[in-house]
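To start, the structure under review is shown below, and the notes come after it.
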Amino acid sequence: KATSEDREVSIVYLGSLPHEVYSPLSHHHSILQRVIQGSSLESLLVRSYKRSFNGFAAKLTDQEREKLANMKEVVSVFPSRTYQLQ
Amino acid sequence: TTRSWDFMGFHEKINQTATVESDVVVGVIDSGIWPESESFKDEGFGPPPKRWKGACKGGNNFTCNNKLIGARYYVAESARDGTGHGSHTASTAAGNAVKDVSFYGLAQGTARGGVPSARISAYKVCAPMCMAHNILAAFDDAIADGVDIITISIGFGFIQDLDRDAISIGAFHAMEKGILTSNSAGNNGPLGATVSSLAPWILTVAASSTDRRIIDKVVLGNGTTLVGSSVNTFILNGTSFPLVHGKDVSRNCTERRAGRCEEGCLDSDLVKGKIVLCDDYDRGNKAAYKAGALGSVLYNFRNTDDFSTIPPFAATTLNEKTYSVVMSYMNSTRDPQGTILKSEAINNPAAPLVALFSSRGPNLILPDIIKPDISAPGVQVLAAFSPDASISTTPGDNRHVQYNIMSGTSMASPHAAGVAAYVKSFHPDWSPAAIKSSIMTTAWPMNDSQSYVPTYEFAYGSGHINPVKAINPGLVYEASKEDYIRLLCMKYDEARVRLLSGDNSTCPIGSDKGSPKDLNYPSMGAKVEPMKPFAVEFHRRVKNVGLANATYTAKIFSESKVEIKVVPEVLSFKSLNEEKTFNMTVAGSGLPYGSQVSAALVWFDGTHNVRSPIVVYTA
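Chains as they are written, first to last, in my numbering: chain A, 1 to 86; chain B, 1001 to 1619.
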């Protein structure tokens, strides 16, 4: 079981929102559910992007990120890096 | 902004119609906003545009008004600006015109945004660090809220692929909805390939100087006066004070460390009432201030006159030449004396020059797309700030101000966003690519004479932004979502592209795939093999947005030995929005490693100069 130290906030980018009737939040839950083991989904999901595009941010381990990156509905998975004011 | 807009010939109320402009909403993704600032008061503003879907969710004690019509925060306790940066950028893009503002008497004038009658919606993602997942959340909301233009003066600093960069992703979906994103190029110049805002759907903005330069002076005991760079608002009470070098006022550090005034090296008893010379630009101020010195003179080894910080006490920075004059004087007398004068604004006839700190191309992700795209004022810009008790202009400085002077590509991006919003107010139906094209093709040509190794277009892009001309470009290089999708097909497989587009887009295969340089971009770039012959073809189409009946002739400006051909050389339009295509070939041979040739294509109809830079370079 991964500890909180093993987890890093990561972005799971799913591209555009589908045009058909779609529930982003339940889709995000279902994707996340497929890769996490033994942790509560609510505590890992940080944010859902569902108004203008599709994706979510969650606290993930390296292994979970790798699994997600191999899913066909995922465009990219990457750690939420720190940007700076310029 | 008390000088930047006027410097560009964009004088107050020039062609601006408040009623149309007030329909434009500028989204500012930054460190929040100071809602009580004069720059964001709503006197004379009616209710938000009917189509506005945003919300004021700024947190406790945060109130929006008819100027600041939206606020959201993703970090900290509220959308209130915790650093001053967000208020600065928001007021530069779309702040009210506020008369008689200054920074302790410096840079006095009317501070204003590019579109003073436009509305602002603030999205706070930095406090002061900015996490990618919050940046994406801000884009998600700003797009859905219905902003027209987004400015984001934030960057990662390193190169990331387009599908792993929060700003690139957010701006792509903004573009889909007709929203242009202006983004700072970064402050990692003048080294090459440091620009990190690389997506072609973003307007990437470099920083340049205006004709107002703020300087200060060091007067030595022998009467010599030297010009330094800092924004020093402190007046020393007296005419002359002892000058000491860091290495002579330390008891516990090596000579080198003490000379650089490293923290803990300066002896408080030995620096009190004296001006300390430090061989280090970064550390000197802080240490000398903490040790209780009266002032400091720092050696700026970068020799950058265009970047100046605001010291917490009387201090200035000197370049190599002037610092050595002080050192020689110190060594020539037993009792060296001097003083530092309060800063003053002088005329800078060399402007606009691209700032040395501004990040440079080429583009490491898409080498044939020239980045940055444009230059805009980003040096010593006075704009709104946060007068919060917990915020100061500089660490150690306990003064608090409503308006502050800042430098960076952060200051350039909102200038470009202000111009984009201005263009949008005249042409509400123009696509993000058309607005971007109008800004790029009407830019003033620039030079890069300040750099030791000039990088020309990779420093300033298409040139200096020209708001007055940008509303009437004559022709635009249009690009739709499908054009960008076609480009993405060159990088990603069809399944991934379909996820990105949200539709059943198909990717061309084989030779139909094309090349990134075929994107209908308003500048033309190509990376070629060193020391080999080359013949690069560019395919472009232009849309007539000037006069219905117009004939444009191609003019090539080139001092290099490359051969450039445009076919056809004349484009005749019979109606507005008519599109014509042309091909351009650039041929040559034997470009050495690390070299670059620059030229320009100008379509001219007797009124409009539609200028595109051409850059061919080697690795």
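Backbone N, C-alpha and C fix where the C-beta goes; we use that ideal spot for every residue, glycine too.
Owing to the predicted nature of the structure, the values given are computational and were not obtained by experimental measurement.
So A/I11 contacts chain B; which residues on that side make the cut at Cβ distance below 9 Å? Within 9 Å Cβ-Cβ: A1132, H1133, L1136, R1164, A1166 and I1169.
Open item on the list: Suppose you measure from the CA of B/K1371 to the CA of B/T1409; what does that come to, to the nearest Å?
Closed with: 14 Å
What residue range does the beta strand (DSSP E) around B/S1437 cover? B/S1437 -> not in any beta strand (DSSP E); alpha helix (DSSP H) instead, spanning P1432 to T1441.
task = Enumerate, from N- to C-terminal direction, the unbroken beta strand (DSSP E) stretches of 3 or more residues contained entirely within the stretch 1204-1282 of chain B.
result = Annotation note: the stretch 1204-1282 of chain B contains the following uninterrupted beta strand (DSSP E) runs of length 3 or greater, listed N- to C-terminal: 1212-1220, 1225-1228, 1241-1245 and 1275-1278.
* Asked: Can you tell me whether B/R1540 is buried or exposed, with buried defined as 16 or more other CB within 10 angstroms of its CB?
  -> buried
Could you give the residue range of the beta strand (DSSP E) that holds A/R47?
L45 to Y49
In the DSSP output, what is A/T3 paired with across the bridge?
In the DSSP assignment, no residue is bridged to A/T3.
- B/F1241 versus B/I1275 - alpha carbon distance: 7 Å
Spatial neighbours of B/S1117 within its chain, please: C-beta separation below 6 Å, excluding the five flanking residues on both sides. A1018, E1021 and S1022, listed in sequence order.
Of the residues B/L1500, B/S1437 and B/S1184, which one's Cα is nearest the Cα of A/V74? B/L1500
- According to DSSP, is B/R1302 helix, strand or coil? coil
Original post:
Under 8 Å between the Cβ atoms of A/S48 and A/P79?
Top reply: no
Is B/I1154 close to chain A, meaning its C-beta is less than 8 Å from at least one C-beta of that chain?
Yes, B/I1154 lies at the interface with chain A (some Cβ there is under 8 Å from its Cβ).
Considering only their Cβ atoms, is the gap separating B/I1405 from B/F1103 smaller than 8 Å? yes
Check the Cβ of B/R1496 against every Cβ in chain A and list those closer than 7 Å, keeping chain order. V75
### Message
Here's a check: name, in chain order, each residue in its chain whose Cβ is nearer than 8 Å to the Cβ of B/D1042, leaving out the five neighbours to either side.
### Response
N1065, N1066, K1067 and L1068
Answer with buried or exposed for B/G1361, where buried requires no fewer than 16 other C-beta atoms within 10 angstroms of its C-beta.
-> When all chains shown are included, B/G1361 counts as buried.
Start-to-end residues for the alpha helix (DSSP H) that takes in B/T1019
From DSSP, the alpha helix (DSSP H) with B/T1019 extends over A1018 to E1021.
- Message: Contact criterion: CB-CB distance below 8 Å. Does B/D1141 meet it with respect to chain A?
- Response: yes
**Message:** Is there a C-beta anywhere in chain B that falls below 8 Å from the one on A/Y22?
**Reply:** no
Does any residue of chain A bring its CB to less than 8 Å from the CB of B/N1363? no
### Message
Tell me whether B/A1350, by its Cβ, gets closer than 7 Å to a heavy atom of the ligand ATP.
### Response
Absence of the ligand ATP from the depicted structure is noted, as is the absence of any ligand whatsoever, leaving it without description.
| message | I need the straight-line Cα distance from B/G1228 to B/T1083, nearest angstrom please. | response | B/T1083 has its alpha-carbon roughly 27 Å from the corresponding atom of B/G1228.
Going along chain A, which residues have a C-beta under 8 Å from B/H1085? L85
Query - Contact set for B/C1265: own chain, Cβ-Cβ below 6 Å, skip 5 residues either direction - result: S1250, C1253, R1257 and A1258
Query raised in the report: Just how far apart, CA to CA, sit B/T1455 and B/F1357?
Result: 13 Å
**OP:** Express the C-alpha separation of A/M71 and A/H29 in angstroms, rounding to a whole number.
**Re:** 14 Å
query = Quick one: which chain B residues come within Cβ less than 7 Å of A/A57?
reply = Within chain B, the residues near A/A57 are H1133.
- Query: Would you call the stretch 1163-1181 of chain B and the stretch 1136-1154 of chain B in contact, with 3 or more CB pairs under 8 Å?
  - Reply: yes
Fill in: Reference B/A1383, options B/F1010, B/Q1016, B/E1262 and B/E1038, closest by Cα
Cα-wise, what sits closest to B/A1383 is B/E1038.
Taking B/P1467 as the reference, give the member of B/H1415, B/D1493, B/D1282 and B/D1388 with the closest Cα.
B/H1415
Worksheet item: Taking Cβ positions, are B/P1128 and A/L85 nearer each other than 8 Å?
Response: Yes, the Cβ-Cβ distance between B/P1128 and A/L85 is below 8 Å.
Let me make sure I understand the geometry here. Which of B/A1470, B/A1094, B/D1081 and B/F1040 has the alpha-carbon closest to that of B/G1059?
It is B/D1081.
Worksheet entry | DSSP beta-bridge partners of B/N1544 | Bridge partners of B/N1544 according to DSSP: B/L1475.
* Asked: What is the residue span of the beta strand (DSSP E) that B/M1584 lies within?
  -> E1579 to G1588
Contacts that B/A1384 makes with chain A (C-beta to C-beta distance below 7 Å):
What B/A1384 touches in chain A: nothing, since even the nearest Cβ is about 15 Å away.
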